[in-house]
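In this text, residue positions in the sequence shown follow the numbering used here: the first is 2, and each later residue adds one. Using N, Cα and C, we set each Cβ at its ideal position, and we do this for glycine too.
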Amino acid sequence: MASTSDPKSPPPSTDPPSTSPSEYRPPLVTRLSPVKRRTSARRLRLTASTLLLIGSIVLVVSMAVSWWGFSSTGAGASETIQFYPGSTYWTASSAAGTVSALYTTGGLVHVGQLYEAILGLGVTAAIAGFVATALGYLGVLAGPRGRAAARYTFLFALVGFVAAIVLPPLAAGAQPGALTTDGTATGGGGGCPSGSSPCSSFWGSLSANGVHVGWGADVGWYLAVVAIVLFFLALWQLWAARGQPWAPAPSWTPPPAAASSPGAPVAAPPPQAAWAETNEPAGPQVPPNVPTGRCPRCGGTMAWAAPYSRWYCLTERKYL
């Protein structure tokens, strides 16, 4: 006797599940939701853009404050000297007060050239960071059209990082030699003293005859280091999100299910959609992670609506 089948049950699968409907679990590709991966990539790039913005602002601030300081106290007098990026440095003393002067007029020609180069590299790094920030946020807001912006975001962030990472070692390594070439430890002539002095090291201190002298990196130098760390973290976030879509694609959401009659059988979804035909007519599209099949009523595409544990025919727009 020929067996009869329920017209409301799903078509047989060529690869039947090994568990009962109540114990059914989606295959691995379904459990690792592609939508979740895309959302994660978008969040990584959004975080990277924010880090780039903060790093660029910190770098701009570092260009406006002192990078190196020298202080001398004792014998009833005190003096402070601060080197700024650009062409001007500041001196403060108990006798003359606070004054600013050009590096060239203070006999610090080579030091002035060094800090003008630091200012140029810092501005370049900050501009690259701001451009990368704008492209990053634009890519997040533009959705799928922001993929090109994602590539340029990484490029400009890399340019900013390379320009910024040169700054601290350049100042620390080149300044003692520049002071030696200028023949003065703190400006105004006087030559470089023997032994430990700013002409021999970027950091240092000494005490003699009741006078304590100290010198080393100032606020701007350390802010530049912080900016470099922020740029590096942004690049790491962008690299971690490589190969992923810039924004999540829209996912398929089934319409609300009507209340089913008590005791009505619920068909379990197949473990994979390999049994679905590929030459089906054009119609509504379903994400690849949603099981699909042929409707036993009209022959159209039906999809498994997991929230309601029922099949939904996309052609008739009805639940089976």
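query                                                                                                        : result
Separation of arginine 152 from proline 169, as counted between CA atoms                                     : 28 Å
Cβ distance (whole Å) where serine 197 is taken to contact proline 177 below 8 Å                             : Not really, about 11 Å apart at Cβ, beyond 8 Å.
Which of helix, strand or coil DSSP assigns to phenylalanine 71                                              : strand
Whole-Å CB distance - serine 57 paired with phenylalanine 131, under 8 Å assumed                             : 5 Å
Residues that phenylalanine 84 bridges to, as DSSP identifies them                                           : Trp69 and Tyr90
Cβ separation of isoleucine 119 and alanine 172, assumed to be a contact under 8 Å, to the nearest whole Å   : 6 Å
Segment contact flag, the segment 135-143 with the segment 214-233, C-beta cutoff 8 Å, min 3 pairs           : no
7 Å CB neighbourhood of alanine 228 in its chain, flanking five on each side removed                         : Gly56, Val59, Leu60, Ser63 and Ala165
Simplified DSSP assignment, three categories, for alanine 322                                                : Not covered by the structure: residue 322. The range shown for the chain is 2 to 321.
Start-end ranges of the alpha helix (DSSP H) lying completely within the segment 175-245, minimum 4 residues : 220-241
Cβ distance (whole Å) where phenylalanine 232 is taken to contact leucine 122 below 8 Å                      : Incorrect: roughly 13 Å between the Cβ atoms, too far for contact.
One or two residues paired with threonine 326 in a DSSP bridge                                               : Because the chain is modelled from 2 through 321, residue 326 falls outside the range shown and cannot be assessed.
Element boundaries [alpha helix (DSSP H), containing leucine 122]                                            : 110-143
Local conformation of valine 167 per DSSP, three classes                                                     : coil
Identity of the residue in Gly300, Leu321 and Cys299 nearest tyrosine 309 by Cα                              : Leu321
Reduced DSSP secondary structure (H/G/I, E/B, other) of tyrosine 320                                         : strand
Close beta carbons around glycine 70, own chain, < 6 Å, minus the five adjacent residues each side           : Gln83 and Asp219
Span of the beta strand (DSSP E) around tyrosine 104                                                         : Run containing tyrosine 104: none; DSSP gives neither H nor E here.
Delimiting residues of the beta strand (DSSP E) encompassing arginine 298                                    : It is not in any beta strand (DSSP E) - arginine 298 carries neither H nor E in the DSSP assignment.
Those residues which DSSP pairs with tyrosine 153 across a bridge                                            : For tyrosine 153, which the question treats as bridged, DSSP gives no partner whatsoever.
Beta-carbon proximity of alanine 126 to glycine 161, cut-off 8 Å                                             : yes
Exposed unless 16 or more other CB atoms sit within 10 angstroms - verdict on leucine 239                    : buried
Among Leu103, Val66 and Tyr138, the one whose alpha carbon lies nearest that of serine 50                    : Tyr138
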